[in-house]
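Visitor:
Numbering (the numbering used here), first residue to last: 4 to 344.
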């Protein structure tokens, strides 16, 4: 019996169904089989996924429009290029490297899924690590293979295996990330850092652990998480919604408090929120968000500040001027850095 020819429009529809999580088993088999028929087909599917992911439509349930998606894709690259020129600190090669690392996180999804139908052991063989980074001065949004939403703040990175979601959901985090974890009671979601490990089934939380920070901070919005202290031997700590845990990297002491966590992920909406935060820590956040160097005088490092600022449409100078208007500090720009004194 002659095999029915599949048109590109049908493939586009299958890709859209796959990326929005609405594809059934038979349709997925059809998409995988078509992509394996030739290198041209495989490249076509990969390119469509890359355009979809890069155009910022992740999570959308609207039909896949390749023309509009490609326009969004070009606009995003143009905006990134303008931002890069304004920063003057990122080379073109590094930006492309970061971009394709992010794209790779989506491109590899078809490979383990294709192998899945042939047997679980096929999926587990030959896995390598996927690295997704958010450069200084930018934030990155992505969906993991299990459907978990992740926002990475500036200067952050996650690493996970291509087998993510098959027999584990383990990843490592450097920096700050906001996670909306898809519930899966059989496969817990785990984040590992040098100082603190976190385990959940399905929840929403913010996890911050930059290398140069003195504290690790976890804010829980929904669900329940378990924390394991990697610095000192102690009992696991369980968190409930609207709680914050701070781990001191110097002492290993963990403190849990009740807070309003609605502000903990404002950075995913391009807003910085400082709640009586130390000026030294504010300088670190501003440095990452605007990709600039900021030095704070020793006499001011323990000063605290309360306020919120929009990132988009704002500038580092405007924010520093607002903070300095409290008459608690001044700032100047010299030797390619901002000095707060």
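C-beta atoms are modelled at their ideal positions from N, C-alpha and C, and glycine is treated no differently.
If you're wondering where the values come from, they're calculated on a predicted model, not measured in any experiment.
Which of helix, strand or coil does DSSP assign to residue 242?
Guide: Note: residue 242 maps to strand in three-state DSSP.
Visitor: For the candidate residues 336, 173 and 231, whose alpha-carbon lies nearest to that of residue 162?
Guide: Checked all of 336, 173 and 231; the closest Cα to residue 162 is 173.
Visitor: Please classify residue 186 as buried or exposed, where buried requires at least 16 neighbouring CB atoms within 10 angstroms.
Guide: Exposed, by the Cβ-count rule.
Visitor: Looking at C-alpha atoms only, which residue of 41, 44, 15 and 42 is the closest neighbour of residue 30?
Guide: Ranking 41, 44, 15 and 42 by Cα distance to residue 30 puts 15 first.
Visitor: Tell me, please, which residues DSSP counts as bridged to residue 311.
Guide: 276, per the DSSP bridge assignment.
Visitor: Expressed to the nearest angstrom, what Euclidean distance is found between the alpha-carbon atoms of residue 199 and residue 248?
Guide: One C-alpha to the other measures close to 11 angstroms.
Visitor: Closest by CA to residue 300, which one among 288, 273, 322 and 332?
Guide: Per the Cα distances, 332.
Visitor: Where does residue 186 sit, in a helix, a strand or coil, going by DSSP?
Guide: Reduced to three states, the DSSP call for residue 186 is coil.
Visitor: Could you name the residues of the same chain whose beta carbon sits closer than 8 angstroms to that of residue 341, not counting the 5 residues immediately before and after it, in chain order?
Guide: Taken in chain order, the residues that qualify are 295, 296, 297, 298, 319, 323, 334 and 335.
Visitor: For residue 12, is the classification buried or exposed, using 16 other Cβ atoms within 10 angstroms of its Cβ as the cut-off for buried?
Guide: Exposed, since its Cβ has fewer than 16 Cβ neighbours within 10 Å.
Visitor: Going by DSSP, what residues sit across from residue 326 in a beta bridge?
Guide: In the DSSP output, where bridge partners are listed per residue, residue 326 has none listed.
Visitor: Let me make sure I understand the geometry here. Which of 321, 308, 230 and 291 has the alpha-carbon closest to that of residue 179?
Guide: When only C-alpha atoms are compared, the closest one is 291.
Visitor: Provide the residue span of the alpha helix (DSSP H) that contains residue 291, from first to last.
Guide: First-last of the alpha helix (DSSP H) with residue 291: 282 to 293.
Visitor: Where does residue 198 fall in DSSP's three states?
Guide: Residue 198: coil per DSSP, three-state reduction.
Visitor: Does residue 28 come out as helix, strand or coil in the three-state DSSP assignment?
Guide: Residue state, collapsed to three classes: helix.
Visitor: What does DSSP give as the partner residue(s) for residue 232 in the beta ladder?
Guide: Paired residue(s): 199.
Visitor: With DSSP run on the structure shown, which of helix, strand or coil describes residue 137?
Guide: It is a strand residue.
Visitor: State yes or no: is the C-beta of residue 205 within less than 7 angstroms of the C-beta of residue 184?
Guide: Closer than 7 angstroms, so yes.
Visitor: Who are the Cβ neighbours of residue 218 in its own chain at under 7 angstroms, not counting the five residues just before and after it?
Guide: Excluding residues within five positions, the ones whose Cβ falls inside 7 angstroms are 249, 250, 251 and 252.
Visitor: Going by DSSP in three states, residue 66 sits in which element: helix, strand or coil?
Guide: Reliability of the predicted coordinates at residue 66 is poor, the pLDDT of 45 falling under 50, and the value obtained from them is presented with this limitation in mind. Residue 66: coil per DSSP, three-state reduction.
Visitor: Indicate the three-state DSSP secondary structure (helix, strand or coil) for residue 49 in the structure shown.
Guide: Of the three classes helix, strand and coil, the one that applies to residue 49 here is helix, per DSSP.
Visitor: CB-CB under 6 angstroms to residue 276, same chain, minus the five flanking residues each way: which ones, in chain order?
Guide: Answer for residue 276: 266, 269 and 311, listed in chain order.
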